[in-house]
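Step one of this worksheet: look at the structure below.
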Amino acid sequence: MIDADVFRALARSSPWRWTTLRFTVRWAEGPWREQPVRAWLRRPDVLRVETLDGDLLQVVRERPVRVGVSGVDGGYSLRLETPADRLARRPVWRPDGLVAERPWPGNSCYDDPMYQSYHWVAMLDPAELADGRGPGPGEPAGPPLVVDTVAEVSHGGRPAWEAYVRTTPRYEPRCGCCPLLRSREVDEAEYGSTRGPYPEVQRVRLDVQTGVCVLADDPEALGTGHDLRIEAVDEPMDDALFVDGRV
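As structure tokens, this is what we get:
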């Protein structure tokens, strides 16, 4: 049975459900709405983005980052950590194979290579739909969404779960300026003012195999949100695909 709990579990599971993804995406809003793109992403660290006509837009390679490590003797050191190191951390699994709890230190360490904005990152790993922020320091987080209904649908010829949802004050997007869903509280925190009107109910779809958010929009307003169509999952991707040959 697909309910709100199962839907949220799928939303937090993406980093462990696929390794490569080929897809197209169109945005109805934002600075990229006139240019749909096709992308090849090989986790954990490389991305190629083209126009639908095949013109190369960008090749992205994530670099290791320097992180602090506390030693058992109380000491503190810095070391380089690659995206692969971060992805190797294992979550707490549910009996159905979805993720019950993501490992420390949180959602951002599983970011895929980014194109243009963090909306891109959130589409590919929609953990912001699963777990919200706590109301105060040390207080437990609450659900970021009220999930009204969940149904099995098809999106781009692939099985997906569609939910009609309402954001709660605990909804915390990957980035406040480019959330998957519209939220009055998020806009107030990001801009110091509201940027309404705000939809009462919003629609999201998760691809069942990958956990990717393939659609998020206002069902009452045409021309909102994004529409992502998956073309291939876990196909081999050679290093040569991620070479930028432009002069």
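Just so we're aligned, residue -17 is where the sequence shown starts under our numbering, counting upward by one.
Backbone N, C-alpha and C define an ideal beta-carbon position, used for all residues, glycine too.
Source: prediction; values computed, not measured.
Below 9 Å between beta carbons: does that hold for Cys157 and Tyr100?
yes
Can you list, in chain order, the stretches of the alpha helix (DSSP H) that have 4 or more residues and sit fully within the segment 126 to 204?
166 to 173
In terms of residues, what are the limits of the beta strand (DSSP E) holding Val215?
208 to 215
Just tell me which of Pro26, Ala10, Arg4, Trp9 has its CA closest to the CA of Arg20.
Arg4
Would you decide whether Thr131 is buried or exposed? Buried here means 16 or more other CB atoms lie within 10 Å of its CB.
exposed
Looking at the structure shown, is Arg(-14) part of a helix, part of a strand, or coil, going by DSSP?
First, the residue type needs correcting, since residue -14 is Ala and not Arg in the sequence shown. Per DSSP, reduced to three states, the secondary structure at Ala(-14) is helical.
In three-state terms, what does DSSP make of Trp75?
strand
Is Leu80 closer than 9 Å to His137 when the C-beta atoms are compared?
Not in contact: His137 and Leu80 (Cβ atoms no closer than 9 Å).
Would you mind reading off the limits of the beta strand (DSSP E) that contains Trp22?
Note, Trp22: beta strand (DSSP E), 19 to 24.
For Arg30, write down the residues that DSSP places opposite it in a beta bridge.
Trp22, Val41
Distance between beta carbons of Val194 and Leu106, contact taken as under 8 Å
6 Å
Nearest to Leu34 by CA position, among Arg43, Trp22, Arg45, is which residue?
Trp22
Is the separation between the beta-carbon of Leu162 and that of Leu111 shorter than 9 Å?
yes
Return the first residue and the last residue of the alpha helix (DSSP H) that Val103 is part of.
100 to 106
Can you give the Cα-Cα distance for Ala109 and Arg115, rounded to whole angstroms?
Our two residues, Ala109 and Arg115, have alpha carbons roughly 12 Å apart in a direct line.
Check each candidate in Asp169, Ala145, Arg185, Pro(-3) and name the one with the smallest Cα separation from Pro151.
Out of Asp169, Ala145, Arg185, Pro(-3), Asp169 has the C-alpha closest to the C-alpha of Pro151.
Given a cut-off of 9 Å, decide if Arg(-1) and Leu223 are closer than it, judged by their beta-carbon atoms.
no
Counting C-beta neighbours from all protein chains within 10 Å, is the total for Leu(-8) 16 or more, i.e. buried, or is it exposed?
Residue burial is scored here from C-beta neighbours: Leu(-8) has at least 16 other C-beta atoms within 10 angstroms and is therefore classed as buried.
Who are the near neighbours of Glu232 in its chain, counting only those whose CB is closer than 8 Å to its CB and skipping five residues on each side?
No statement about residue 232 is possible, as the shown extent of the chain runs from -17 to 229 and does not include it.
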